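Structure, as structure tokens:
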Amino acid sequence: MSNNFLARQIVKAGNNFFAQASITILTLCPIVLTAVPARADVTYTADIQKEAVDDLKRINERGLTPKTIAFTPNGGYVILYGKNGFAYSTNKIPPDALNVLATLNKQDSTINTIAFAPNGEWIVMYDYFKAYWSKNFPQEIVNRLSEIKRQVFIVNNIVFTPNGDWTIIADNLNGSQVYWSSNFPQNVIDKIKDISQKYAIKVIAFTPNGGWLIIYNRGNNAFYNNKVPQLLIDTIKTKYKEGKRLTDIAFTPSNGWVLLDDKSMPPSIPRIPSLDEFPAPIIIPQ
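When we follow the UniProt record's numbering, the leftmost residue of the sequence shown carries the number 1, and every step to the right adds one.
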């Protein structure tokens, strides 16, 4: 299954672990697909923009699975679905980030996740542990990702706190490993360490007012502090009663939220190839 794309303009791409490149930005055109039952459910608050809600509905109606949604500081969003599909808000996403997403889709790479820092910097993880990031992205996290790449982990979740601290969740066959910035909140670190003794952590999310939430045990359990919106807590409890597992939670700058859940059994972690099994990186011509 492939998506049709329309070239729109050319910009300078961000950095990645292998090359700097000039890539054509591509924009998603309508896709004609045979509908099949969607695996994922989406729950959201009333202040989530209609454009995002419509995109989430269209993705589900086509039988595709939204796997993550990320919000920008200015109210934009990117939704990732399937292997490398994406939808995004009009005029609110950095052009070079769209540049990267479209190129990865065109070359049929797997897009793992995307994250936006409070200052608007961004990163896209793809093909296990590879990455593109914006010019002024924090060097501390870049250094940590380089270490993760050497250890052959799969990076599936990167999230920032409102003040710019961050966590990375990386998976391998033995479970998940969580990394955090040097100034990361100690109370969250303590809970991460406590949960990690028995369970793999799947998602960590932060509200703009100091709330935080950890999803663990393949999405079947959650821990949160007293600043997480009560409506979200009630929704999570309802989802668990329905036998669903949580796959992602994202908060907007205005404390709105989107919750993704999936009733199906979680897929097994794929075999992780060794570094020498990967072909040489593709360098896109200038």
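In this text, a Cβ means the ideal position worked out from N, Cα and C, and glycines have one as well. For clarity, every value in this text was computed on a predicted model and none was experimentally measured.
The C-alpha of ILE48 is placed about 19 Å away from the C-alpha of GLU61. The C-beta of PRO253 has fewer than 16 other C-beta atoms within 10 Å across all chains shown, which makes the residue exposed.
Segment contact: the region 93 to 101 against the region 116 to 135, three or more CB-CB distances shorter than 8 Å; contact assigned.
For LYS149, the closest alpha carbon among the candidates ASP127, TYR240, TRP212 and PRO162 is that of ASP127.
Straight through space, the alpha carbons of LYS227 and LYS67 are spaced by roughly 25 Å. Sequence-distant Cβ neighbours of ILE59 in its own chain, meaning closer than 6 Å and more than five residues away, are PRO66 and TYR81.
Apart from the 5 residues on each side of it in sequence, TYR179 sits with its Cβ closer than 6 Å to the Cβ of ARG144 and ILE168 in its chain, given in chain order. Here the C-alpha atom of PHE223 lies approximately 17 Å from the C-alpha atom of ASN209. The Cβ atoms of ASP171 and ASN156 sit closer than 7 Å to each other.
Excluding residues up to 5 positions away in sequence, PHE206 lie with their Cβ nearer than 6 Å to the Cβ of THR161 in the same chain. Closest by C-alpha distance to ALA200, out of ILE123, TYR240, ARG218 and ALA70, is ARG218.
In terms of Cα proximity to GLY63, the closest of GLY76, ASP41, ILE158 and ASN225 is ASP41. Taking the Cα positions, THR238 is about 31 Å away from ASP165.
In the three-state scheme derived from DSSP, where H, G and I count as helix and E and B as strand, ALA46 is classed as coil. For the 7 Å CB-CB criterion, SER134 and TRP122 form a contact. Counting other Cβ atoms within 10 Å of its Cβ, LEU56 reaches 16 or more and is therefore classed as buried.
When the alpha-carbon of LEU246 is set against those of VAL203, ASN255, GLY211 and ASP234, the nearest one is in VAL203. The DSSP assignment places complete beta strand (DSSP E) segments of no fewer than 3 residues inside the region 59 to 107 at 66 to 71, 77 to 81 and 85 to 88, in order along the chain.
Per DSSP, the continuous alpha helix (DSSP H) segment holding ARG144 begins and ends at 139 to 150.
Rounded to whole angstroms, SER176 and ASP54 show a C-alpha spacing of 33 Å. Taking a C-beta distance under 7 Å as the contact criterion, VAL159 and TYR132 do not qualify as a contact pair.
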